[in-house]
Each structure stands twice: as C-alpha cells, then as structure tokens.
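A.B. asks: Let me give you the structure first, and then I'll get to my questions.
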Amino acid sequence: MKTDIEIAQSVPLKPITEVVAPLGIAFDDIELYGKYKAKLTFDKIKAVQKNPVGKLILVTAINPTPAGEGKSTMSIGLADALNKIGKKTMIALREPSLGPVMGIKGGAAGGGYAQVLPMEDINLHFTGDMHAITTAHNALSALIDNHLHQGNELGIDQRRIIWKRVVDLNDRALRHVTVGLGGPLNGIPREDGFDITVASEIMAILCLATDLADLKKRLANIVIGYRYDRSPVYVRDLQVEGVLTLILKDAIKPNLVQTIYGTPAFVHGGPFANIAHGCNSVLATATALRLADYVVTEAGFGADLGAEKFLDIKTPNLPTTPDAIVVVATLRALKMNGGIVKEDLSLENVAAVKEGFANLAQHVENMRKYGVPVVVAINEFVADTQAEIAQLRELCAAIDVPVELASVWADGAEGGVALAQTVVKTIDATPSDYKRLYDDSQSIEEKIATVAREIYRADKVVFEKKAKTQIAQIVKNGWDNLPVCMAKTQYSFSDDPTLLGAPRGFEVTIREVVPKLGAGFIVALTGDVMTMPGLPKKPAALNMDVAEDGTALGLF
Numbered sequence: 236m237k238t239d240i241e242i243a244q245s246v247p248l249k250p251i252t253e254v255v256a257p258l259g260i261a262f263d264d265i266e267l268y269g270k271y272k273a274k275l276t277f278d279k280i281k282a283v284q285k286n287p288v289g290k291l292i293l294v295t296a297i298n299p300t301p302a303g304e305g306k307s308t309m310s311i312g313l314a315d316a317l318n319k320i321g322k323k324t325m326i327a328l329r330e331p332s333l334g335p336v337m338g339i340k341g342g343a344a345g346g347g348y349a350q351v352l353p354m355e356d357i358n359l360h361f362t363g364d365m366h367a368i369t370t371a372h373n374a375l376s377a378l379i380d381n382h383l384h385q386g387n388e389l390g391i392d393q394r395r396i397i398w399k400r401v402v403d404l405n406d407r408a409l410r411h412v413t414v415g416l417g418g419p420l421n422g423i424p425r426e427d428g429f430d431i432t433v434a435s436e437i438m439a440i441l442c443l444a445t446d447l448a449d450l451k452k453r454l455a456n457i458v459i460g461y462r463y464d465r466s467p468v469y470v471r472d473l474q475v476e477g478v479l480t481l482i483l484k485d486a487i488k489p490n491l492v493q494t495i496y497g498t499p500a501f502v503h504g505g506p507f508a509n510i511a512h513g514c515n516s517v518l519a520t521a522t523a524l525r526l527a528d529y530v531v532t533e534a535g536f537g538a539d540l541g542a543e544k545f546l547d548i549k550t551p552n553l554p555t556t557p558d559a560i561v562v563v564a565t566l567r568a569l570k571m572n573g574g575i576v577k578e579d580l581s582l583e584n585v586a587a588v589k590e591g592f593a594n595l596a597q598h599v600e601n602m603r604k605y606g607v608p609v610v611v612a613i614n615e616f617v618a619d620t621q622a623e624i625a626q627l628r629e630l631c632a633a634i635d636v637p638v639e640l641a642s643v644w645a646d647g648a649e650g651g652v653a654l655a656q657t658v659v660k661t662i663d664a665t666p667s668d669y670k671r672l673y674d675d676s677q678s679i680e681e682k683i684a685t686v687a688r689e690i691y692r693a694d695k696v697v698f699e700k701k702a703k704t705q706i707a708q709i710v711k712n713g714w715d716n717l718p719v720c721m722a723k724t725q726y727s728f729s730d731d732p733t734l735l736g737a738p739r740g741f742e743v744t745i746r747e748v749v750p751k752l753g754a755g756f757i758v759a760l761t762g763d764v765m766t767m768p769g770l771p772k773k774p775a776a777l778n779m780d781v782a783e784d785g786t787a788l789g790l791f
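Reading the sequence shown from the start, the letters are residues 236 to 791 in the numbering used here.
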C-alpha cells in the first residue's frame, strides 16, 4: 500500500489556471506561486460579490482518537464525489501548521486518494501565510517592548501585558520566558511567553476579516495589555495597525490549489479549534460560495469544538448558513469510545460499537440544536465487519439520522458517491433552519454555561478566582457583548481528556478568560489546555527527509 505522499507524488498535477477556469477565474484573476498554487486577487473577490450563493456543507466529526477519523480526507472525498455526480463544487479548508505536521497530529491535506495537492507544499511553507502571521504578531511584540524601552509614553504596566510572542512549532520550552535581560541597552526586563502561531489573535483576525479595511480595523482593536490604572491599551494606541496590515496584505488573499481529481480548493487560514475558533477564512468560504453551487468546508477537531465555533462565531460573518452538517466517524473510533484499546480495534466487537455510539449520537443531537440537517459519514477501514456495520446502521436508524459508508481514502471520488447523493438528497428534502446556541447579549457566564450544558452536558461550570476577576474587568470595559470561544481538550466532551464516550456528572472549570477584541470573541480556557503544545517522545519530524533531487520524504 502506498503512503499518502507516494500517492500524492504519483499524480500528474494540472496547471492551477486550468483547474480554476471552469469557475470563471481567468489568468488575470490570480497571482501565481509557481504552476500549481495561486492566490485570488481582491478584484476578483469583489467582482463575484453579486453572484448567487451556493449550498454550504459543514464537515465535522466525533471527538478525535488515536484510531483516526479522517475529517479532512472525508471533506475532500465528498467534494470530489459531488463533482463526479455533476454538482459544481469547491472546497474551503484550513492550512496546516508546522507544529502538528512535525509533531503527532499530522497535516491537513487529506489522505490516500482524497488529498489536496501539492501536499508537500501545503504541509510545509505553502504561500508563506503562516510566516506572515508569525511576523506580524512578533512585530507587534517588538513594537511593544520598544515602546517600553523608549519611555513608555502610554504608561503600559509591563506586568499586565497579555500579548505573547508566537512561533509555528510545538516548543514547550518557550511557554514561559523572560525578556529584556542584559542591562539597559536590551530593554525593560519582564515576563513573557510564546504561543503557537495558530493560537495567535492575528490568525483569528485574518480568518474573520472580510477585506483589508476590516483587517486593519480588527488589528487596531487588539488589546495588548493594561496601564497602571488598569485601563486597556489597544494596538491603535501604539498607532501600528498600518504596518501590521502591510505585513499581511498578501496573506489575507485566499490560496487556490487542487485535489487529486482536479476539484478546485481554497486552503486558507489555520486556527486550532481547541484553543481558537478552528475554521478557515471567511474570505475563502464566502468567495467559494459565490463561485460554486456546492461548497464543502470543515471545522477543526470534534463537533463540540470546531463545529460549535463555526456555527456560533463564523456563520454570522458568512453570506449564508450551513445547509447540511456531515459528522464523520469510524467504527474503530467508536470502539475506542466504547472502551477498547488501540491494539484490539481490528477485532470485531459489536458491543463496543454500541457502547461508543453514545459519542456520535451526542454530536448528532448537538448539531441538530442549530436547526441544520445532519448526515453521518463513516470512513471505511478494511477491518470493519458486516456485523459492526449492521449494528451502526441500526443505531443511526434509531435516532433517525442518515448514514453512509465512504471509502474515499482507498477509492477516491467513486468511494464517496453514495455519501454525496445522500447529502444532496438531505439538502433538497430538509431546508436548514439555522439558529445560534446563545445570544451575544447574555452574560459571559451564561454563554459559557450554555455551551457547557448544551454541547458538553456538564452539570456545572466552576469559575476560578482569576477568571472571575477577568470577567469583571471585561464587563467594566464593555466587552461582554461578544461570543465565547472555548479552549478545551479535543479528546472529550468534558475538560478531562481521559473521559471518552458521552460522560455525565462532571464539572467544567474555567481558569482564565481572555478578551480578543480584534477577533471579536472572548476566549475561555478550561482545564489544562495549552496554547503552546509540546512535541511527543517520537515526533513525526524524525521520519522526514529530502532526496538529492529535492523530493520530500516521510511526510505522511
């Protein structure tokens, strides 16, 4: 069996100009990054604004497990299958971060015969968006420290600067650092730290901004810290939003690539869903909706994180709401949620499928709370047995949710035809009646409690002393009329990663609440979730190399 990268490297790529031509995108509408990658121009983005809006399909999943779910693979395979059955379809996905690429999670370009290409470029430096975001973020850090060094005209309290630095790697040693050491010439000593780039507020802003003017406005609204009198300090106070926008002027343009089957794809923006909002850019999704009849997009991690944030944070910024939600699962992952260890997942265990189905059922029920029809997609594995499949179909029928098996990893577009037909049939038969989970006018505590109760099924939310103090400050500053972005472990509905399935009788602890005024939401950190991940004992980077001719090796 070929690896993902071997499959990707065996596919003859079409020039990106040919791939996008059926969408009405001409040579002058794109900025080329070689033969197979391009960015869409602002002129073209503006030109399609009056086009009718297509159907939006959101792909999400159960809570991730080491068994693998294949959400990106399913998104790509579904789009390819929709094109195969005659539906003019585009994809809108997130960009991978080098942190998980070199760590343990892997990339975000799909797998098998359902990939976006060139996968090596997409998983590495791509068109430089991650580097631009990292540079803009750290430029602001440098400008803050320079302001302190040059006299601190704004009276910033260096003990209350909340703007950390970032790097697009998993590097636990940088979580807490001290800067400005070495004497007066090296600045003002203070505590600092690093987050991973995908946790940067600038990443979130780039993914929610609608144009350059909106980008600049959002950057100006970033709160970097507080003065000695506890009043907030914004980027606009430093008067540096212009240079930050300049650094990001190309990164904000959506990237165009192709799938193995030639389906055009936007791959743009990459906030994590466990510590940020987990969705690709509004610009990419909104533009795709003006170019195609169907758009397949995804949200990060499980539906309790990425999909909730897509529906409560991103959707209000789009020209339409989702017409269908596809929840991806595997029988292997259901068995793991049913208590089976990874080593035994290839053995038939119908009882474990039934036990683990509680996780899938809760995600389906949660998504229906938004008034959007749901379809279950099962990513097929060779070890799946007929008895297990029959049990799954019976369980899905009991909660009246359509389910289709899809073999897009092994069979590409053909393996997703049945799923594509079911999704189209569901959209045609059941109009979406989207509604948000909460209203922004509710208090921060009420919004957090609503997500914890309705999505996680928590009995209670406990706010630690620091979080209570921060909420009081947020209310005092008039920032409480914003949605909440929950930072939580991806592995469980709870804030305890070891509680699999559909746990009950637990509390969610909020340890910190951080305003992200530029992005337009309030981040609530639960449990011990980290904004700077660490590398595993044997990171994926150990398997990577490059051949003498420049061919990437060991990249999945």
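Glycine included, each C-beta is placed from N, C-alpha and C at the ideal position.
State buried or exposed for residue 777, treating a residue as buried only when at least 16 other CB atoms are found within 10 Å of its CB.
C.D. replies: The residue given as residue 777 occupies position 542 in the sequence shown. With a 10 Å radius around the Cβ and a threshold of 16 neighbouring Cβ atoms, residue 777 comes out exposed.
A.B. asks: Between which two residues does the beta strand (DSSP E) holding residue 350 run?
C.D. replies: Here the question's residue 350 lines up with position 115 in the sequence shown. Unbroken beta strand (DSSP E) run through residue 350: 349 to 352.
A.B. asks: Over the uninterrupted alpha helix (DSSP H) stretch that includes residue 335, give me the two end residues.
C.D. replies: Translated into the one-based positions of the sequence shown, residue 335 becomes position 100. Its alpha helix (DSSP H) spans residues 333 to 337.
A.B. asks: Straight-line CA distance for residue 399 to residue 363?
C.D. replies: Reading the sequence shown from its first residue, position 164 is the one you call residue 399. Reading the sequence shown from its first residue, position 128 is the one you call residue 363. Spanning the two alpha carbons is a distance of roughly 21 Å.
A.B. asks: May I ask you to list the residues that DSSP assigns as paired with residue 549?
C.D. replies: By 1-based counting over the sequence shown, the position of residue 549 is 314. In the DSSP output, where bridge partners are listed per residue, residue 549 has none listed.
A.B. asks: Are there 16 or more other CB atoms within 10 angstroms of the CB of residue 481, so buried, or fewer, so exposed?
C.D. replies: Taking the first residue of the sequence shown as 1, we reach residue 481 at position 246. Looking at its Cβ environment, which holds fewer than 16 other Cβ atoms inside 10 Å, residue 481 is exposed.
A.B. asks: So is residue 201 buried or exposed if we call it buried at 16+ other beta carbons inside 10 Å?
C.D. replies: Since the first residue of the chain shown is 236 and the last is 791, residue 201 is not available in this structure.
A.B. asks: Within the continuous beta strand (DSSP E) that includes residue 721, where are the two ends?
C.D. replies: As a working note, residue 721 is residue 486 in the sequence shown. Per DSSP, residue 721 belongs to the beta strand (DSSP E) from 719 to 722.
A.B. asks: Can you say whether residue 750 is buried or exposed, counting buried as having 16 or more other CB atoms within 10 angstroms of its CB?
C.D. replies: Here the question's residue 750 lines up with position 515 in the sequence shown. Classification of residue 750: buried, given that the 10 Å Cβ count is 16 or more.
A.B. asks: Label residue 785 either buried or exposed according to how many other C-beta atoms from any shown protein chain fall within 10 Å of its C-beta, with 16 as the threshold for buried.
C.D. replies: On the sequence shown, position 550 is the one that residue 785 refers to. Residue 785 should be labelled exposed.
A.B. asks: Please state if the CB of residue 606 and the CB of residue 668 are separated by a distance shorter than 7 Å.
C.D. replies: Counting from one through the sequence shown, the residue named residue 668 turns up at place 433. Counting from one through the sequence shown, the residue named residue 606 turns up at place 371. In contact: residue 668 and residue 606 (Cβ atoms closer than 7 Å).
A.B. asks: Just checking my contact of residue 565 with residue 557 at CB under 8 Å: how many whole Å lie between their CB atoms?
C.D. replies: Numbered from its first residue, the sequence shown carries residue 565 at position 330. Numbered from its first residue, the sequence shown carries residue 557 at position 322. Wrong, their Cβ atoms sit about 23 Å apart, outside the cutoff.
A.B. asks: When you compare each of 663, 586 and 555 to residue 608 by their alpha carbons, which one comes out closest?
C.D. replies: Position 373 of the sequence shown holds residue 608. In this structure, 663 is the residue among 663, 586 and 555 with its C-alpha nearest to the C-alpha of residue 608.
A.B. asks: For the beta strand (DSSP E) containing residue 490, list its first residue and its last residue.
C.D. replies: As a working mapping, residue 490 is identified with position 255 in the sequence shown. Element bounds for residue 490: 490 to 494.
A.B. asks: Just reading off the alpha helix (DSSP H) that residue 390 is part of, what are its end residues?
C.D. replies: As a working note, residue 390 is residue 155 in the sequence shown. Run containing residue 390: none; DSSP gives neither H nor E here.
A.B. asks: Do the CB positions of residue 279 and residue 266 come within less than 7 Å of each other?
C.D. replies: By one-based count along the sequence shown, residue 279 stands at place 44. By one-based count along the sequence shown, residue 266 stands at place 31. For residue 279 and residue 266, no; Cβs fall outside 7 Å.
A.B. asks: Residue ranges of each beta strand (DSSP E) run of no fewer than 3 residues wholly in the region 710 to 771, ordered along the chain?
C.D. replies: List check, beta strand (DSSP E) in window: 719 to 722, 742 to 751 and 756 to 761.
A.B. asks: Do the region 583 to 592 and the region 304 to 319 make contact, defined as three or more Cβ pairs closer than 8 Å?
C.D. replies: no
A.B. asks: Could you tell me the alpha carbon to alpha carbon distance between residue 620 and residue 732, rounded to whole angstroms?
C.D. replies: If you number the sequence shown from 1, residue 620 lands on position 385. If you number the sequence shown from 1, residue 732 lands on position 497. Going by the C-alpha atoms only, they are around 29 Å apart.
A.B. asks: So, for residue 719: in the same chain, excluding its five sequence neighbours on each side, which residues have a beta-carbon less than 6 Å away from its beta-carbon?
C.D. replies: In the sequence shown, counting from the first residue as 1, residue 719 sits at position 484. Cβ within range, chain order: 682, 683, 757 and 759.
A.B. asks: Quick check: what's the CA-CA separation for residue 555 versus residue 517?
C.D. replies: Your numbering for residue 555 matches position 320 in the sequence shown. Your numbering for residue 517 matches position 282 in the sequence shown. When rounded, the distance between both Cα atoms is 11 Å.
A.B. asks: Closest by CA to residue 426, which one among 396, 559, 432 and 452?
C.D. replies: Position 191 of the sequence shown, counting from 1, holds the residue named residue 426. The candidate whose alpha carbon is nearest that of residue 426 is 396.
A.B. asks: Cα separation between residue 353 and residue 243?
C.D. replies: As a working note, residue 353 is residue 118 in the sequence shown. As a working note, residue 243 is residue 8 in the sequence shown. Going from the Cα of residue 353 to the Cα of residue 243 covers about 7 Å.
A.B. asks: Can you tell me the Cβ-Cβ gap for residue 724 and residue 509, rounded? I've got them flagged as a contact below 8 Å.
C.D. replies: Translated into the one-based positions of the sequence shown, residue 724 becomes position 489. Translated into the one-based positions of the sequence shown, residue 509 becomes position 274. Confirmed, Cβ separation roughly 7 Å.
A.B. asks: Since residue 592 is in the alpha helix (DSSP H), which residue starts that stretch and which ends it?
C.D. replies: As a position in the sequence shown, residue 592 is number 357, starting the count at 1. Its alpha helix (DSSP H) spans residues 585 to 603.
A.B. asks: Which residues does DSSP pair with residue 427 in a beta bridge?
C.D. replies: What you label residue 427 is simply residue 192 of the sequence shown in a count that begins at 1. Beta-bridge pairing links residue 427 to 412.
A.B. asks: With a cut-off of 8 Å, do at least 3 Cβ pairs link the region 495 to 511 to the region 434 to 443?
C.D. replies: Counting C-beta pairs closer than 8 Å gives three or more between the region 495 to 511 and the region 434 to 443, which meets the contact rule.
A.B. asks: Would you say residue 468 and residue 391 are within 7 Å of each other, going by their C-beta atoms?
C.D. replies: For this step, residue 468 is matched to residue 233 along the sequence shown. For this step, residue 391 is matched to residue 156 along the sequence shown. A contact, by the Cβ cut-off of 7 Å.
A.B. asks: Classify residue 519: buried if its beta carbon has 16 or more other beta carbons within 10 angstroms, exposed otherwise.
C.D. replies: Translated into the one-based positions of the sequence shown, residue 519 becomes position 284. So residue 519 ends up on the buried side.
A.B. asks: Would residue 713 and residue 454 be called neighbours here (beta carbons separated by less than 7 Å)?
C.D. replies: Taking the sequence shown and counting its residues from 1, the one referred to as residue 713 is at position 478. Taking the sequence shown and counting its residues from 1, the one referred to as residue 454 is at position 219. Against a cut-off of 7 Å, the Cβ pair of residue 454 and residue 713 comes out as no contact.
A.B. asks: For the alpha helix (DSSP H) holding residue 509, just list the boundary residues, first then last.
C.D. replies: Position 274 of the sequence shown, counted from the start, is the residue given in the question as residue 509. Judged by DSSP secondary structure, residue 509 falls outside any alpha helix (DSSP H); it is assigned neither H nor E.
A.B. asks: Compare the Cα-Cα distances from residue 291 to each of 559, 545 and 379 and report the closest residue.
C.D. replies: As a first step, residue 291 must be located in the sequence shown, where it is residue number 56. The shortest C-alpha separation from residue 291 is found at 559.
A.B. asks: Based on the DSSP output, what are the partners of residue 230 in its beta bridges?
C.D. replies: With the chain running from 236 to 791 in the structure shown, residue 230 is simply not present.
A.B. asks: What is the rounded straight-line gap between the Cα of residue 327 and the Cα of residue 631?
C.D. replies: On the sequence shown, residue 327 is found 92 positions in, with the first residue counted as 1. On the sequence shown, residue 631 is found 396 positions in, with the first residue counted as 1. When rounded, the distance between both Cα atoms is 28 Å.
A.B. asks: When the Cα of residue 527 is compared with those of 764, 257 and 644, which residue comes out closest?
C.D. replies: Translated into positions along the sequence shown, residue 527 becomes position 292. Selection 764, 257 and 644 evaluated against residue 527 yields 257 as nearest (Cα-Cα).
A.B. asks: The beta strand (DSSP E) that contains residue 459, what's its start and end?
C.D. replies: Locating residue 459 in the sequence shown gives position 224, where the first residue counts as 1. 458 to 462 is the span of the beta strand (DSSP E), which, as asked, contains residue 459.
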